[in-house]
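Visitor: Protein chains in written order, with our numbering: chain A, 1 to 181; chain B, 182 to 384.
Glycine is no exception: its CB is placed at the ideal position from the N, C-alpha and C atoms.
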Amino acid sequence: MKNDGELISGFLNGSAEDFEELVRRYEREVYCTALHMVGNREEARDITQEAFLRVLKGLRELKDQRRFRPWLLSITVNLARDHLRKRSFGSWEDDFAKGTFGGCADEAFQRLSRLQEREELLNLLFLLPPRQRVAVVLRIYNELPFKEVAHIMGCEVATARSLFWAGIREMRRRLGKRDEV
Amino acid sequence: MKCEDFLKDWGEGKRLSFRKSLAFILHWMRCRECRENYAFIRKLSRVLKGEEWADEAFFREMRRGLVEEGRKAGVFVSRPSSSRPFFTFPRLLVPLGGVLVTLTLALAFFLLQFPSKEPGASFDYGLYSWDGVVLVSQLDSDELRALEGELEGAFGSCPSLVYSLSITPWAEVMDQVSANSRLLAPLLMEERSERAAGRMEEV
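1) Pull up the CB-CB distance for A:E21 and A:T48, whole angstroms please, since I reckon it's below 8 angstroms.
2) Return the chain-ordered ranges of every alpha helix (DSSP H) run that is complete within the stretch 204 to 252 of chain B and spans a minimum of 4 residues.
3) Cβ closer than 7 angstroms: which chain A residues qualify as neighbours of B:F239?
4) Quick check on A:E148: buried or exposed, where buried means 16 or more other Cβ atoms within 10 Å of its Cβ?
5) Taking the straight line between their C-alpha atoms, what separation do you get for A:E29 and A:N142?
6) Would you kindly work out how many angstroms separate the C-alpha atoms of A:K2 and B:G246, rounded to a whole number?
7) Let's test the definition: count the other Cβ atoms within 10 Å of the Cβ of A:R85 and tell me whether it reaches 16, buried, or not, exposed.
8) Could you round the C-beta distance between B:F221 and A:R139 to whole angstroms and report it? I think they count as a contact, below 8 angstroms.
9) Determine the closest residue to A:L189 out of A:V157, A:P145, A:A166, with distance taken between C-alpha atoms.
10) Which two residues bound the contiguous alpha helix (DSSP H) that contains A:N142?
11) Run down chain A in chain order and give the residues with a C-beta less than 9 angstroms from the C-beta of B:F290.
12) Using three-state DSSP, classify B:P276 as helix, strand or coil.
13) Does the beta carbon of A:V77 come closer than 8 angstroms to any beta carbon on chain B?
14) State yes or no: is the C-beta of A:V134 within less than 8 angstroms of the C-beta of A:M153?
15) Could you check the C-alpha separation between A:A158 and A:R131 for me, to the nearest Å?
16) Determine the closest residue to A:F68 out of A:E156, A:F19, A:F146, A:R169, with distance taken between C-alpha atoms.
17) With 8 angstroms as the limit, tell me which residues of the stretch 32 to 59 of chain A have their beta carbon closer than that to any beta carbon of chain B; keep them in chain order.
18) Mind checking the stretch 13 to 24 of chain A against chain B and listing, in chain order, the residues whose C-beta falls within less than 8 angstroms of any C-beta there?
19) Straight-line CA distance for A:R118 to A:L124?
20) Should B:L225 be counted as a contact of the ligand ATP given a C-beta to heavy atom distance under 7 angstroms?
21) Using a C-beta to C-beta distance shorter than 8 angstroms, which residues of chain D count as neighbours of B:R213?
22) Less than 8 angstroms between the beta carbons of B:G251 and A:L56, yes or no?
23) Excluding the five sequence neighbours on either side, which residues of its own chain have a C-beta within less than 7 angstroms of the C-beta of A:L163, listed in chain order?
24) Using 10 angstroms around the beta-carbon of A:N40, count the other beta-carbons present and answer buried if the total reaches 16, otherwise exposed.
25) To the nearest angstrom, report how far apart B:P350 and A:D4 are at their CA atoms.
26) To the nearest angstrom, report how far apart A:A160 and A:P145 are at their CA atoms.
27) Are there 16 or more other CB atoms within 10 angstroms of the CB of A:T76, so buried, or fewer, so exposed?
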């Protein structure tokens, strides 16, 4: 199996197969990152498509090929941020309430016994302010170190760390409140 | 010290030193908040990673669209089919394999058919070795049976001539046959003359 560097080199030499393989390798991660941020399946699809289109156009300019994944994720995060900025903050809550997100998640949820816990945790994630949510998703879903999270978010490492912990504390606080109720 | 400070190195993806690990474990044992934070993060991680909402049809369509877009933009080089050698090794492997299988089957079929032991039937009898086929003699079925008996004596008990010869090294077969040829030749001569005499009597 070729590594990222080899696939990128293949792409730069005009191989469509290598590019396709590169997309196949990261499409799920990009899609899910976008979905965790915007909470809407259709928008997550648009973001995924747009992100790879940017890769297609901009990969030649990427100087360090080892940085492909963080570069791709930063494109995804920026696109997701633009999407969130464009619509009113309430709309994703509406989507969630209408079941857009819940609906698309159903397929996976059916396979899980602890359905309620999953829904609850995702709800809590979507109640976080966008920057905290981005930090939590990049750190927990993408498993990036804080240095990378900070780089993608365009902030200091300490800021990324405090956004992450603020998000975690907030989610736990809300979870605790619900448990008390 | 705040709890999250203990998780700082975990957040950086670093390995903890022995001293830090010890401090971390001691803190961990005492601090409820730290344990709860960690448990919560693990739980959230399972939730975020456990999903499989992306549908393959969309991804397939997206990849196709992207490649098309790249072709339009001239990013991809479309290789003319004539520039690729047709007889590459993997491509040759399939027909060669087919030919080999056919030959093996044909040989197996031939060996299974041979010899037919109908009385009085005459046929070419070959001694088989892994090196090839050598025609020994043209024998009828009685002669063959006699030859079988002789060879059986020479090689020990064997269920069939073809079987015993095919698993015996060719040089050994030739040695044995030549060693027994003196016995074999008169036997065959005798049998032939007896049969000829029998036929004469019938007439």
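Guide: Let me spell this out:
1) Incorrect: roughly 16 angstroms between the Cβ atoms, too far for contact.
2) 213 to 231
3) R45
4) Buried, since its Cβ has 16 or more Cβ neighbours within 10 Å.
5) 8 angstroms
6) Cα atoms of A:K2 and B:G246: separation of roughly 23 angstroms, rounded to the nearest angstrom.
7) exposed
8) At roughly 13 angstroms, the Cβ-Cβ gap does not stay under 8 angstroms, so B:F221 and A:R139 are not in contact.
9) The question about residue 189 of chain A has no answer, for chain A in this structure spans 1 to 181.
10) Bounds of any alpha helix (DSSP H) do not take in A:N142, whose DSSP letter is neither H nor E.
11) By Cβ distance, chain A contributes nothing, its closest Cβ being about 43 angstroms from B:F290, past 9 angstroms.
12) helix
13) no
14) yes
15) 14 angstroms
16) A:F19
17) C32, L35, H36, R41, R45, T48, Q49, F52, L53, L56, K57
18) N13, G14, S15, A16, F19, E20, V23, R24
19) 10 angstroms
20) Of ligands this structure carries none, so the ligand ATP is not represented either.
21) Of the protein chains in the structure, A and B, none is chain D.
22) yes
23) R131, Q132, A135
24) buried
25) Low local confidence applies: a pLDDT of 48 at B:P350 is under 50, so the model's placement there is unreliable, with the coordinate-based value given in what follows. Going from the Cα of B:P350 to the Cα of A:D4 covers about 56 angstroms.
26) Computed Cα separation, rounded: 10 angstroms.
27) buried
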